[in-house]
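**Student:**
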């Protein structure tokens, strides 16, 4: 997370900043989430295994992990707004490439998509902190909600749009490209308000040797692993349990929509509670109930399980982003912690979708993959509670 000197930046009207922030946040998940509801149809048409389909969700996470450390340096050299605008055009290009329809172009477009989102993931908190340093929690909550709204829209619209165009799964992907195009055009209006060169640095060697930083990275990575694994396979879990694709897509939409109030409220609750470890325990309760329940009886109360999954997972990402700002000893330490957590964390998260897909192919059911996910959730819980409070890291 690169930190900018807001006093050196040209004064930016808050309404324009909010519009630009929401446009870019809207694009952070749609191109990834849209694959989940379409996975079965894509797999049948292209003769893809579960592992091959899982790779379409895993590749962006590998890009996140590989590029998160270097993203601040791009902003240092070319300016934050210019880099974010370039990332949006790169995202649009990646989404367009996927419309060619073959597995090769799906992979190529997904790599470009992952590269673009990797840069945006790291630099958006930097932009928020640099422009409006006294509104970090509220703006983080706002763009987390918008990010989730984009994901929910992609999940909910994927199957209806596909079916409206004769079962062609490329049309929902084209819709995602239009969202990216709108974001890129909108961000052109931010160029007159370029900020000066950023001062964030890559994590120092000392930070990489800090055990508490690694514990925090484990928490950040496992909560990401859980989200992207559910994004890739939740709809398929319900389809394999006997539901229609349309109903499974609705439940995936509900999963993302349920995360929206948690996205907004969780960081505010976390900051206000004196005992932050207790706050972290409370935020994990919905996940500790719903993930095992999904494994044991997915169709007994699917709406309840999905709502609890959404509430729990929605809390995790916004709380994790807030913790990055809170736990750094100073601005530079916070920037280094952001690079470490997003790099190590997303590399860990990348293992989730493809591993679950391979386990499903081997076992022929979802019980063993979901058992693994439940075990990883317990590790996440411990790491989160340990990370919630303590001396600043840096």
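Numbering (the UniProt record's numbering), first residue to last: 1 to 394. Beta carbons are placed, not taken as given, at the ideal position from N, Cα and C, and that holds for glycine.
1) Pairs of beta-carbons, one from the stretch 74-84 and one from the stretch 346-365, closer than 8 Å: are there three or more?
2) Where does residue 273 sit, in a helix, a strand or coil, going by DSSP?
3) When burial is assigned at 16 or more other CB atoms within 10 Å of the CB, is residue 223 buried or exposed?
4) Span of the alpha helix (DSSP H) holding residue 35?
5) How close, in whole Å, do the beta carbons of residue 126 and residue 75 come, if the pair is a contact with beta carbons under 8 Å?
6) State the Cα-Cα distance for the pair residue 384 and residue 280, rounded to the nearest angstrom.
7) Could you tell me the distance, in whole angstroms, from the CA atom of residue 391 to the CA atom of residue 317?
8) Does the stretch 212-223 come close enough to the stretch 341-348 that 3 or more CB-CB pairs lie under 8 Å?
9) Distance, Cα to Cα, residue 97 vs residue 121?
10) Quick one: any contact between the stretch 134-147 and the stretch 251-266, if contact means 3 or more CB pairs under 8 Å?
11) Taking residue 212 as part of the alpha helix (DSSP H), name the residues at either end of that continuous run.
12) Tell me whether residue 308 is buried or exposed, calling it buried when 16 or more other Cβ atoms sit within 10 Å of its Cβ.
13) In whole angstroms, what separates the C-alpha of residue 140 from that of residue 92?
14) Could you give the residue range of the alpha helix (DSSP H) that holds residue 24?
15) So what does DSSP say about residue 391, is it helix, strand or coil?
16) Round the Cβ separation of residue 161 and residue 171 to the nearest angstrom and send it over; I've been treating them as touching at under 8 Å.
17) I need the boundaries of the alpha helix (DSSP H) containing residue 360, first residue and last residue.
18) Find the nearest neighbour of residue 36 within the set 67, 285, 157, 166, judged by alpha-carbon distance.
19) Do you know how far the Cα of residue 292 is from the Cα of residue 113?
20) If you follow the alpha helix (DSSP H) that residue 64 is in, where does it begin and where does it stop?
21) Taking the C-alpha atoms as reference points, what is the distance between residue 169 and residue 274?
22) Go to residue 297, then tell me how far its alpha helix (DSSP H) extends in each direction, as first and last residue.
23) Report yes if the CB atom of residue 30 is closer than 9 Å to the CB atom of residue 154, and no otherwise.
24) Kindly indicate which residue of 258, 365, 152, 135 has the alpha-carbon position closest to the one of residue 17.
25) Can you round the beta-carbon distance between residue 240 and residue 49 to whole angstroms, since I take them to be within the 8 Å contact cut?
26) Run the CB neighbour count on residue 359, radius 10 Å, all protein chains shown included, and call it buried at 16 or more, exposed below.
27) Which residue from 24, 105, 258 puts its Cα closest to that of residue 189?
**Tutor:** Walking through what the data contain:
1) no
2) As a working note, residue 273 is residue 273 in the chain shown. Residue 273 falls in the coil class under three-state DSSP.
3) As a first step, residue 223 is located in the chain shown; it is residue number 223 there, counting from the start. Burial call: buried.
4) Within the chain shown, numbered from 1, the residue matching residue 35 stands at position 35. From DSSP, the alpha helix (DSSP H) with residue 35 extends over 35-46.
5) Counting from 1 along the chain shown, the entry for residue 126 is found at position 126. Counting from 1 along the chain shown, the entry for residue 75 is found at position 75. That pair is a contact at about 7 Å.
6) Locating residue 384 in the chain shown gives position 384, counting from the first residue. Locating residue 280 in the chain shown gives position 280, counting from the first residue. Using only the alpha carbons, I get a separation of about 7 Å.
7) Counting from one through the chain shown, the residue named residue 391 turns up at place 391. Counting from one through the chain shown, the residue named residue 317 turns up at place 317. Cα to Cα, residue 391 sits roughly 22 Å from residue 317.
8) yes
9) Indexing the chain shown from 1 puts residue 97 at position 97. Indexing the chain shown from 1 puts residue 121 at position 121. Looking at the two C-alpha atoms, the distance is approximately 22 Å.
10) yes
11) As a first step, residue 212 must be located in the chain shown, where it is residue number 212. Unbroken alpha helix (DSSP H) run through residue 212: 211-240.
12) On the chain shown, position 308 is the one that residue 308 refers to. Under this definition residue 308 is a buried residue.
13) In the chain shown, the residue the question calls residue 140 occupies position 140. In the chain shown, the residue the question calls residue 92 occupies position 92. C-alpha separation (whole angstroms): 24 Å.
14) Position 24 of the chain shown, counted from the first residue, corresponds to residue 24. Start and end: 14-26.
15) Here the question's residue 391 lines up with position 391 in the chain shown. Of the three classes helix, strand and coil, the one that applies to residue 391 here is coil, per DSSP.
16) Within the chain shown, residue 161 is the residue found at index 161, counting from 1. Within the chain shown, residue 171 is the residue found at index 171, counting from 1. That belief holds up - the Cβ atoms of residue 161 and residue 171 are roughly 5 Å apart, short of 8 Å.
17) Sequence index remark: in the chain shown, residue 360 carries index 360 (1-based). Note, residue 360: alpha helix (DSSP H), 351-363.
18) Counting from 1 along the chain shown, the entry for residue 36 is found at position 36. Selected option, being the one with the closest Cα: 157.
19) Stepping through the chain shown from its first residue, residue 113 is reached at position 113. Stepping through the chain shown from its first residue, residue 292 is reached at position 292. Near 32 Å, if we compare the C-alpha coordinates of residue 292 and residue 113.
20) Translated into positions along the chain shown, residue 64 becomes position 64. It spans 50-67 - the alpha helix (DSSP H) in which residue 64 sits, taken as one unbroken run.
21) Your numbering for residue 169 matches position 169 in the chain shown. Your numbering for residue 274 matches position 274 in the chain shown. Computed Cα separation, rounded: 49 Å.
22) Here residue 297 is taken as the residue at index 297 of the chain shown, counted from 1. Segment: none, residue 297 is in no alpha helix (DSSP H) and carries neither H nor E.
23) Walking along the chain shown from the start, residue 30 turns up at place 30. Walking along the chain shown from the start, residue 154 turns up at place 154. Yes, these two residues count as a Cβ contact at 9 Å.
24) In the chain shown, counting from the first residue as 1, residue 17 sits at position 17. Residue 17 has its Cα closest to that of 135, out of 258, 365, 152, 135.
25) Indexing the chain shown from 1 puts residue 240 at position 240. Indexing the chain shown from 1 puts residue 49 at position 49. The Cβ separation is near 15 Å, so there is no contact.
26) As a first step, residue 359 must be located in the chain shown, where it is residue number 359. Buried is the call here.
27) Within the chain shown, residue 189 is the residue found at index 189, counting from 1. Of 24, 105, 258, the residue nearest in Cα terms is 24.
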